[in-house]
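In our numbering, the protein residues as written are 2 to 475. Heads up, the beta-carbon is just placed ideally off N, CA and C, and yes, glycines get one too. Keep in mind the model is a prediction, meaning the values are calculated, not measured. Quick notes on the structure that follows.
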């Protein structure tokens, strides 16, 4: 039986409602988790200390996370904020934001490079140097903050010199502000020098060494610091520690802000929406497609993206949709695949300003190639199937409007007066014309007298033998 016509407007509204319900659920979960993201680790009645734990690359999400931790410290009127840091580096813009937050903090701020084996490499060097107090655990290191390109490769000589001088001036200004060894910190940028914990303390880069968090608090009790314009003596004899970890929403943002995940979500989300447009009524591709697009673009928004890459991906999705409407050898599908590849290359990191080394926000070339080829192949195949189904529908439509009138059929379910009939090998909704007979049994021969969509009006037809018997009796 031919498909019922679909109400595309109603379908779009339903998909939008489903997506909004899912997003509202995620927001509600994250809000609830955010309120529980603060855990009291001690029960002493003395001073409050806020412990922020950051393990991973420095990016826009981690910068907001540190700001949230500092807001908690201000709200609780904490005696000290401790950032337990282990990072390979990160983005320069995010690093500048964190440094600015630390330097402007009125709450004493300590950076603790821990646990043993941790590092405050590249971007972490700037963050550690900006703290009021820099403490390092044994077997940790700091430094290697030279400037590289967005994809981690070396810069051309002229650009490298310019960027390195800018970063060197940045770290000199931090060292001057915190009275640290300017020359040693400058070498981490210009010469990519790294220092062990012992070397950092001996050179005046770090202030103390502490084997664990308890030792850190013990050594800092009575320590004199100058946050902002004030001088404060820390009272840490009895403390209540509030530990701040990534909330559910921050974990989600950190996950989707991975350039590979974001590119995958946008590509698959766009494909899901296109499939829904090709074949309205499937629900699942459209709903998941819109959700993936929202999450993907939210993740891309956390990174230094390029509008050129965004435009190329949007063009690829448009070309993929056009593939189903055009008759040919797949020109739009091939062009869409090429556009998707270029969009992935240009999306994140390609036009990025020089950065201090760390995790570079670029989409894997392998992922771009595999996903683009797989998506293009699927689009070409699916578009071909869509065109075939449309041709079949056109053929069936012509049969319905013209050839079915007068066609012979047989009753497949009792007509009383409505039921089902078999005509031209297909089952149709049938209705018996008004007349002396109120119903027609299964197997009764009928003839189509009119067509209304998928509904056929039929009349009962007597067999030849019945007609002959009636004539003889007369």
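Collapsing the DSSP output to three states places residue 206 in coil. A residue is called buried when at least 16 other Cβ atoms come within 10 angstroms of its Cβ; residue 284 does not meet this threshold and is exposed. The beta strand (DSSP E) runs of length 3 or more contained entirely in the stretch 206 to 281 are, from start to end of the chain, 240 to 245. Assignment of beta strand (DSSP E) within the stretch 405 to 448, counting only whole runs of 3 or more residues, yields 409 to 414, 419 to 424 and 427 to 433 in chain order. In its chain, beyond the 5 residues on either side, 313, 316, 317 and 320 have a beta carbon closer than 7 angstroms to the beta carbon of residue 340. Annotation for residue 197: the continuous beta strand (DSSP E) segment containing it runs 195 to 197. Ranked by how close their Cα comes to the Cα of residue 263, the residues 299, 282, 292 and 91 have 299 in first place. Around the beta carbon of residue 452, a 10 Å sphere encloses 16 or more other beta carbons of the protein chains shown; the residue is thus reported as buried.
DSSP links residue 121 through a beta bridge to 88 and 143. Taking the CA atoms as reference points, residue 174 sits about 14 angstroms from residue 206.
DSSP places residue 323 inside the alpha helix (DSSP H), whose first and last residues are 308 to 324.
Here DSSP, grouped into helix, strand and coil, assigns residue 180 to coil. Cα atoms of residue 120 and residue 278: separation of roughly 50 angstroms, rounded to the nearest angstrom. If you look at residue 79, you'll find it isn't in any beta strand (DSSP E); DSSP assigns it neither H nor E. Looking at the DSSP output, residue 457 bridges to 431 and 452. Looking at the DSSP output, residue 50 bridges to 81 and 242. The beta carbon of residue 138 is closer than 8 angstroms to those of 113, 114, 115, 116, 117, 119, 198, 210, 211, 212 and 213 in its chain, skipping five residues each way along the sequence.
In this chain, the alpha helix (DSSP H) harbouring residue 289 covers 285 to 301. DSSP lists no bridge partner for residue 304.
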